[in-house]
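Asker: In this note's numbering, the protein residues as written are 142 to 361.
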């Protein structure tokens with residue numbers, strides 16, 4: 142994929158990974174390529190079961206998604222990615238000796254490697270010195286599943302510090318540092334399909350609040 146991008150081509154399903162806030166994060170960029178202006182452009186296609194655009198809450202989640210992809214990719218091509226960090230998070234065996242077929246294939250590519258660590262370090266170096274630019278623009282495209290028609294296209298304004306703050310907030314739940322937070326009221330319909338709706342404290346509290354307000358209105 143890197144040679145294709147280096148040659149000005151377009152690639153799909155580009156894997157991105159990096160440590161963010163102490164957590165190993167992995168993603169797959171839908172499409173990467175260069176615009177007519179020569180800018181590296183990320184495109185994310187979202188299909189819709191109905192011919193309507195998603196609500197604001199869902200669109201915000203999509204914007205965060207592509208923004209995180211940019212942070213991951215930019216880190217990979219700017220030297221932020223470190224082999225030791227990946228090895229530690231994935232609990233790999235860096236000194237594992239490579240098989241003869243792997244070594245032979247590497248030799249044909251002009252590389253000399255003996256252990257898995259060698260492969261990881263070469264991968265990081267290859268990305269750092271690939272001369273690939275950071276991603277310039279982020280685009281979200283919404284299409285109707287029924288006929289493939291384009292419903293709309295959003296160009297996302299990248300705000301790095303804001304996104305990193307959001308990442309820290311969301312990860313704090315998975316680290317056990319805060320309680321969960323329910324969806325926005327416009328997305329409450331999703332609760333009907335949630336496996337945990339019957340034991341959800343947030344949903345129960347919302348139901349109590351609504352019942353309390355209804356009771357007060359009746360007796361005013």
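Glycine residues also receive a C-beta, built at the ideal position from the N, C-alpha and C atoms.
Consult DSSP for residue 313 and reduce its assignment to one of helix, strand or coil.
Answerer: DSSP places residue 313 in helix when its eight states are reduced to three.
Asker: For the candidate residues 328, 313, 331, 321, whose alpha-carbon lies nearest to that of residue 342?
Answerer: For the residues 328, 313, 331, 321, the minimum Cα distance to residue 342 belongs to 321.
Asker: Quick test of your reading: residue 205 and residue 307, contact by CB under 8 Å. State the CB separation rounded to the nearest angstrom.
Answerer: Going by Cβ atoms, the distance from residue 205 to residue 307 rounds to 6 Å, so yes, they are a contact pair.
Asker: Following the continuous beta strand (DSSP E) through residue 188, name the residue where it begins and the one where it ends.
Answerer: 181-189 is the span of the beta strand (DSSP E), which, as asked, contains residue 188.
Asker: Which residues in the same chain have their Cβ closer than 6 Å to the Cβ of residue 143, if we skip the five residues on either side of it in sequence?
Answerer: Around residue 143: 271.
Asker: By Cβ distance, which residues of its chain are closer than 7 Å to residue 353, with the 5 residues on each side in sequence left out?
Answerer: Caution is warranted here: a pLDDT of 49 is assigned to residue 353, below 50, making its placement in the model unreliable, and the coordinate value is therefore given only provisionally. So no residue of the chain qualifies.
Asker: Which residues in the same chain have their Cβ closer than 7 Å to the Cβ of residue 252, if we skip the five residues on either side of it in sequence?
Answerer: Closer than 7 Å at the Cβ level, and outside the excluded window around residue 252, lie 263.
Asker: Use the C-beta contact count for residue 411: other C-beta atoms within 10 angstroms, 16 or more gives buried, fewer gives exposed.
Answerer: The first residue shown for the chain is 142 and the last is 361, placing residue 411 beyond what the model contains.
Asker: Report back the beta-carbon spacing between residue 196 and residue 327 to the nearest angstrom; my notes put them in contact at under 8 Å.
Answerer: Confirmed, Cβ separation roughly 5 Å.
Asker: What does the alpha-carbon distance come out to for the pair residue 162 and residue 216?
Answerer: About 13 Å.
Asker: Following the continuous alpha helix (DSSP H) through residue 216, name the residue where it begins and the one where it ends.
Answerer: Looking at the DSSP string, the run of the alpha helix (DSSP H) that includes residue 216 is 197-218.
Asker: In angstroms with no decimal places, state the Cα-to-Cα distance between residue 186 and residue 345.
Answerer: Rounded to the nearest angstrom, the two C-alpha atoms are 35 Å apart.
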